[in-house]
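Q: In full-length UniProt numbering, the protein residues as written are 1 to 393.
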Amino acid sequence: MMAPYYRDTWVEVDLDAIESNVQNMINYLPDKTQLMAVVKANGYGHGAVEVAETALASGADWLAVAFLDEAVELRLAGIEAPILVLGRARPEDVLTAVKYHISLTVYQAEWLEEAMRFYKKNDPVFLHLKLDTGMGRLGIRDEQSLSRFARKLKEDNRFVLEGVYTHFATADEDDESYFNEQYQRFKTGLSWLKKENINPNMIHCGNSAASLKHPDKMFNLVRFGISMYGLSPSPSMREKLPFQLKEAFSLYACLTHVKKVEPDEAISYGATYRTSSYEWIGTVGIGYADGWRRELSGQHNQVIVNGERCPVVGRICMDQLMCRLNSEVPVGTKVTLIGSDQDERITIDEIAELLETINYEVPCMINERVPRIYLKNKEIIKIKNPLIKGIRL
Numbered sequence: 001m002m003a004p005y006y007r008d009t010w011v012e013v014d015l016d017a018i019e020s021n022v023q024n025m026i027n028y029l030p031d032k033t034q035l036m037a038v039v040k041a042n043g044y045g046h047g048a049v050e051v052a053e054t055a056l057a058s059g060a061d062w063l064a065v066a067f068l069d070e071a072v073e074l075r076l077a078g079i080e081a082p083i084l085v086l087g088r089a090r091p092e093d094v095l096t097a098v099k100y101h102i103s104l105t106v107y108q109a110e111w112l113e114e115a116m117r118f119y120k121k122n123d124p125v126f127l128h129l130k131l132d133t134g135m136g137r138l139g140i141r142d143e144q145s146l147s148r149f150a151r152k153l154k155e156d157n158r159f160v161l162e163g164v165y166t167h168f169a170t171a172d173e174d175d176e177s178y179f180n181e182q183y184q185r186f187k188t189g190l191s192w193l194k195k196e197n198i199n200p201n202m203i204h205c206g207n208s209a210a211s212l213k214h215p216d217k218m219f220n221l222v223r224f225g226i227s228m229y230g231l232s233p234s235p236s237m238r239e240k241l242p243f244q245l246k247e248a249f250s251l252y253a254c255l256t257h258v259k260k261v262e263p264d265e266a267i268s269y270g271a272t273y274r275t276s277s278y279e280w281i282g283t284v285g286i287g288y289a290d291g292w293r294r295e296l297s298g299q300h301n302q303v304i305v306n307g308e309r310c311p312v313v314g315r316i317c318m319d320q321l322m323c324r325l326n327s328e329v330p331v332g333t334k335v336t337l338i339g340s341d342q343d344e345r346i347t348i349d350e351i352a353e354l355l356e357t358i359n360y361e362v363p364c365m366i367n368e369r370v371p372r373i374y375l376k377n378k379e380i381i382k383i384k385n386p387l388i389k390g391i392r393l
């Protein structure tokens, strides 16, 4: 059967790697600590539904997303596990959250007041209160604001506070002074809630970094994000991880044209690269419109062909790039941009360093123009191409 995509560029997602990372994290955590798999941003570019299903089958208890739309996507895919929206949902959309049994983040009394005005049903609305302990995004920051929120919450028993949480700004850094300051602020916020006789069941503060470094401080739930995908939260943590992470994301394309180019010939826009001698130049079917950013133009030894590193030459185009081959190879030969080929490997961290960014951004930047192939036990179990809505084997 033909695959449901018509170009030789694709992502491979190793679901066994995600399973291993989730199970290792669960085994590492103290007993009765639940795991929330963070699948926002289309599962960090891996595929939200596929990652969510794998994480839940591997022992995760909760899922987390950024927006209500992402949560609804999971429900429409048949996922029934608890889901928390980490970002803002509009107060007028509370009915949608209730319809799909989705928990929402609340971070100010004003939001709660508006939601109470909009919501006309009697079914419970489940909320997690966010405390801003120093991240500076969403969250209640002081006792007076929390007291006002608590008074408003007690006015309407349809709104149920099932959780409270915060987020750390520097948990992945070696210097833990600000982490410790935020941690103490969180504990103070919990004491404010206790004074208001509010005792939510779920208390969570740990992202991947905090959970890996301080599992005993993470209360009864951790939010497992970047490391579920096999990536270290920061370069400084890479050599200090308590267990081996398995990277799940690989990116491949194929040579669409191979030609022998004479000396002093220009390659690509702007003629920024000229051949120094007779060179074999390969054209590869991926470009910045797929998310392979133009800043990667001209990077030394940045792709792998037949187990050998090759440099990208000239500027990356919208749909194509060129590389200098070590010898003539056939059209259709696989080109590795992220992943392994024989004894060579290009990691997401390596690409992040070239782009002077963090590894989180790299899989997220590869967009839906690139089909995803999902592997289990090294066998293809699903091919997903949103461009033509095709999901077949």
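Every residue, glycine too, gets a C-beta built ideally from N, C-alpha and C. Model, not experiment: these values are computed from the prediction.
Going by DSSP in three states, Ala63 sits in which element: helix, strand or coil?
A: One detail in the question is off: residue 63 reads as Leu in this sequence, not Ala. Of the three classes helix, strand and coil, the one that applies to Leu63 here is strand, per DSSP.
Q: In three-state terms, what does DSSP make of Leu393?
A: Any reading at Leu393 must be qualified, since the residue scores a pLDDT of 47, below 50, and its modelled position is unreliable; the value itself is stated next. Coil.
Q: Spell out the partners DSSP gives Glu279 in its beta bridges.
A: According to DSSP, Glu279 bridges with Val261.
Q: Does DSSP put Glu328 in a helix, in a strand, or in coil?
A: Note: Glu328 maps to coil in three-state DSSP.
Q: Please give me, in chain order, every unbroken run of the alpha helix (DSSP H) with length at least 4 that falls completely inside the segment 155-239.
A: List check, alpha helix (DSSP H) in window: 177-195, 208-213.
Q: Our contact map puts Phe126 next to Val85 with C-beta atoms below 8 Å; I'd like the distance itself, whole angstroms only.
A: Actually they do not touch by this definition, with Cβ atoms about 11 Å apart.
Q: Kindly give me the distance between the Cβ atoms of Lys40 and Ala77, rounded to whole angstroms, as I take these residues to be in contact under 8 Å.
A: Not quite, the Cβ-Cβ distance comes to about 15 Å (not below 8 Å), so this is no contact.
Q: Determine the direct distance from the alpha carbon of Thr105 to that of Gly139, and round the result to whole angstroms.
A: Cα-Cα distance, rounded: 9 Å.
Q: By alpha-carbon positions, which one of Trp62, Leu35, Glu379, Asp142 ends up nearest to Ile79?
A: With distances taken between Cα atoms, Ile79 lies closest to Trp62.
Q: Have a look at Gly163 and Pro200 and give me their C-alpha separation to the nearest angstrom.
A: One C-alpha to the other measures close to 5 Å.
Q: Less than 8 Å separating the beta-carbons of Met36 and Val222?
A: It is a contact, given that the beta carbons lie within the stated cut-off.
Q: For Met318, which of helix, strand or coil comes out of DSSP?
A: In this structure, Met318 counts as coil in the three-state DSSP scheme.
Q: Quick one: what's got a C-beta closer than 6 Å to Arg148's C-beta in the same chain, skipping five residues either side?
A: These residues qualify, in order along the chain: Ala109.
Q: Rounding to the nearest angstrom, what Cα-Cα distance links Asp69 and Ser58 in this structure?
A: If you take the alpha carbons of Asp69 and Ser58, they lie about 25 Å apart.
Q: Under the three-state reduction of DSSP, which class applies to Lys152: helix, strand or coil?
A: Note: Lys152 maps to helix in three-state DSSP.
Q: Is it right to say Ser277 is buried, meaning 16 or more other beta carbons lie within 10 angstroms of its own, or is it exposed?
A: Exposed: under 16 other Cβ atoms inside 10 Å.
Q: Please classify Leu393: is it buried, with 16 or more other beta-carbons within 10 angstroms of its beta-carbon, or exposed?
A: Low per-residue confidence applies at Leu393: pLDDT is 47, beneath 50, and the placement is therefore not dependable enough to give any value.
Q: Cβ atoms of Cys323 and Val284: under 8 Å apart, would you say?
A: The answer is yes: Cβ separation under 8 Å.
Q: How far does the beta strand (DSSP E) with Arg309 in it reach, from first residue to last?
A: Looking at the DSSP string, the run of the beta strand (DSSP E) that includes Arg309 is 308-310.
Q: Under the assumption that His46 contacts Ala248 (Cβ atoms under 8 Å), give the Cβ distance between them as a whole number of angstroms.
A: Contact holds; Cβ gap of about 6 Å.
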